[in-house]
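> Let me begin by handing over the structure; questions about it come next.
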Amino acid sequence: MTTLPDRPHTALLVLDVQTGVMAGAHDRDGVIANIETLIGKARAEGVPVVWVQHSDDRLPRDSEPWQYVPELACRDAEPLVHKSYADAFEDTELEAVLAERGVGRLVVAGAQTDECIRSTLHGAFVRRYDVTLVADAHTTEDLSEYGAPPPDQVISHTNLYWRWHRAPGRRACTVDTTDVSFAADDAG
1 MTTLPDRPHT ALLVLDVQTG VMAGAHDRDG VIANIETLIG KARAEGVPVV
51 WVQHSDDRLP RDSEPWQYVP ELACRDAEPL VHKSYADAFE DTELEAVLAE
101 RGVGRLVVAG AQTDECIRST LHGAFVRRYD VTLVADAHTT EDLSEYGAPP
151 PDQVISHTNL YWRWHRAPGR RACTVDTTDV SFAADDAG
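Under UniProt numbering, read the sequence shown as residues 1 to 188, first letter to last.
Here it is, written out as structure tokens:
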């Protein structure tokens, strides 16, 4: 249903599941296990897995905190997109990677819910992609000392918001890991 012409395929987008990002993440192990399940399912179905890795002053490239968590491994044939802004489309080759593979629908998992997940979801949606957020496969750290709600509430609110997000000719939805479908004509 995407409004992108000639883009019938789906890709799994794995955002910023890096050692430093996940160190204080809410339900770290459960989220990583769900992402690992999604990766296995995508690979088994021949669905592209696209990895995104963030770097900035607080997360310097090639540092230990910048590395992906040891539980997850990018295969050589899987694209790895480097970014330095919250939206994975900003100043990266992500759009070209997706266009090359005919991708018009993204299934999104990773971190952090309140920054890179939200920014990339919106970035994809305004760029005319259909977008599925995996409700139990994204997380954030506790930023309540800065006025944010506790992480479980941030995650719940994002899931609720994205479940009802709409635009002409595009679909957004939120599903649990067990309900993810990579079929192009299925919103889950």
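No residue lacks a Cβ here, since even glycine has one placed at the ideal position from N, Cα and C.
#1: To the nearest angstrom, how far is it from the Cα of V134 to the Cα of N34?
#2: Please state whether DSSP places W51 in a helix, a strand or coil.
#3: CA-CA distance, V154 and R118?
#4: Might you give, ordered along the chain, the residues of its own chain that have their beta carbon closer than 8 Å to the beta carbon of D16, omitting 5 neighbours on each side?
#5: Taking contact to mean at least 3 C-beta pairs separated by less than 8 Å, is the segment 87-101 in contact with the segment 59-72?
#6: Who pairs with R170 in a beta bridge, going by DSSP?
#7: For G169, which residues from the same chain have a beta carbon less than 6 Å from its beta carbon, with the 5 sequence-adjacent residues on both sides left out?
#8: Please report how far the alpha carbon of I39 lies from the alpha carbon of R75, in whole angstroms.
#9: By alpha-carbon positions, which one of R163, T140, A172 ends up nearest to D27?
#10: Assuming A172 contacts V107 under a Cβ cut-off of 8 Å, what Cβ separation, rounded to an integer in Å, is found between them?
#11: Compute the Euclidean distance between the alpha carbons of E93 and H165, then round it to the nearest angstrom.
#12: Sort A183, H122, R7 by Cα distance to Y161 and report the nearest one.
#13: Would you say V31 and A25 are within 8 Å of each other, going by their C-beta atoms?
#14: State the start and end residues of the unbroken alpha helix (DSSP H) segment that holds G40.
#15: Helix, strand or coil for D152, going by three-state DSSP, please let me know.
Judging by the given coordinates:
#1: Taking the sequence shown and counting its residues from 1, the one referred to as residue 134 is at position 134. Taking the sequence shown and counting its residues from 1, the one referred to as residue 34 is at position 34. Taking the straight line from one Cα to the other gives about 9 Å.
#2: Working through the sequence shown from its first residue, we reach residue 51 at position 51. If DSSP states are grouped into helix, strand and coil, W51 belongs with the strands.
#3: Position 154 of the sequence shown, counting from 1, holds the residue named residue 154. Position 118 of the sequence shown, counting from 1, holds the residue named residue 118. When rounded, the distance between both Cα atoms is 11 Å.
#4: Along the sequence shown, read from residue 1 onward, the residue named residue 16 stands at position 16. Cβ neighbours of D16 beyond the five flanking positions: V52, Q53, H54, G110, A111, Q112, C116.
#5: no
#6: Translated into the one-based positions of the sequence shown, residue 170 becomes position 170. R170 is bridged to A167.
#7: Mapped onto the sequence shown, residue 169 falls at position 169. Closer than 6 Å at the Cβ level, and outside the excluded window around G169, lie T3.
#8: Here residue 39 refers to the residue found at position 39 when the sequence shown is read from its first residue. Here residue 75 refers to the residue found at position 75 when the sequence shown is read from its first residue. Their Cα atoms are separated by approximately 11 Å.
#9: Start at 1 with the first residue of the sequence shown, and residue 27 comes out as number 27. Among R163, T140, A172, the Cα nearest to that of D27 is on T140.
#10: Taking the first residue of the sequence shown as position 1, residue 172 is located at position 172. Taking the first residue of the sequence shown as position 1, residue 107 is located at position 107. Actually they do not touch by this definition, with Cβ atoms about 12 Å apart.
#11: On the sequence shown, position 93 is the one that residue 93 refers to. On the sequence shown, position 165 is the one that residue 165 refers to. One C-alpha to the other measures close to 26 Å.
#12: The count along the sequence shown starts at 1 and reaches residue 161 at position 161. Here the closest residue by C-alpha is H122.
#13: Position 31 of the sequence shown, counted from the first residue, corresponds to residue 31. Position 25 of the sequence shown, counted from the first residue, corresponds to residue 25. Yes, these two residues count as a Cβ contact at 8 Å.
#14: The residue you call residue 40 lines up with position 40 of the sequence shown. Counting along the chain, the alpha helix (DSSP H) containing G40 begins and ends at 28-44.
#15: For the purposes of this step, residue 152 is taken as the residue at position 152 of the sequence shown. Correct three-state label for D152: helix.
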